[in-house]
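As structure tokens, the structure follows; a few thoughts come after it.
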Amino acid sequence: MRAIHRIALVLVIIGAINWGLIGFFRYDLVASIFGGQTSGISRFIYALVGLSGLICLPLLFEPSRDVEVERDTRGLRNVNYGTEFGEETDLTDIRDYSERKKSEEKK
Numbered sequence: 331m332r333a334i335h336r337i338a339l340v341l342v343i344i345g346a347i348n349w350g351l352i353g354f355f356r357y358d359l360v361a362s363i364f365g366g367q368t369s370g371i372s373r374f375i376y377a378l379v380g381l382s383g384l385i386c387l388p389l390l391f392e393p394s395r396d397v398e399v400e401r402d403t404r405g406l407r408n409v410n411y412g413t414e415f416g417e418e419t420d421l422t423d424i425r426d427y428s429e430r431k432k433s434e435e436k437k
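If you read the sequence shown in this note's numbering, its first letter stands for residue 331, the second for the next number, and so on.
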């Protein structure tokens, strides 16, 4: 995650906390710290939080990095969930090795 996304995410979390305070307790923390909702600095912070929400929007559509999807030689998907059960042994190499070994023995 890039630095701009981290900063935007922090601002979005601050905005969410502020909205939670407004919704539950009718208390606007940003307005009370910076001199009311109409003060210039409060409006600037509200604008930053709004822009941060727009910056974080692509994070919603990013694929999860926890799940690793691999394609085998036939083009089929092999989903690896990072557990011992997610990995499957590819036995095609063993068969190829045994066939090569038999052909070498015949020579």
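Beta carbons are placed, not taken as given, at the ideal position from N, Cα and C, and that holds for glycine. Fair warning: this is a prediction, and the values are worked out from it, not measured in the lab.
With 16 or more other Cβ atoms inside 10 Å of its own Cβ, I375 counts as buried.
The DSSP-derived three-state label of R430 is helix. For R430, same chain residues with a beta-carbon under 6 Å away, outside a window of 5 residues either side, do not exist. The DSSP-derived three-state label of R356 is coil.
A straight-line Cα-Cα distance of about 14 Å links I337 and P388.
Setting aside the 5 residues that flank it on each side, I352 is surrounded in the same chain by D358, each with a C-beta closer than 7 Å to its C-beta; the list follows chain order.
Where R373 is concerned, the enclosing alpha helix (DSSP H) starts and stops at 370-391.
Annotation for V360: N348, S372, I375 place their beta carbon closer than 6 Å to its own, counting only its chain and skipping 5 residues before and after. Note on S369: under 16 other CB atoms within 10 angstroms of its CB, so exposed under the neighbour-count rule.
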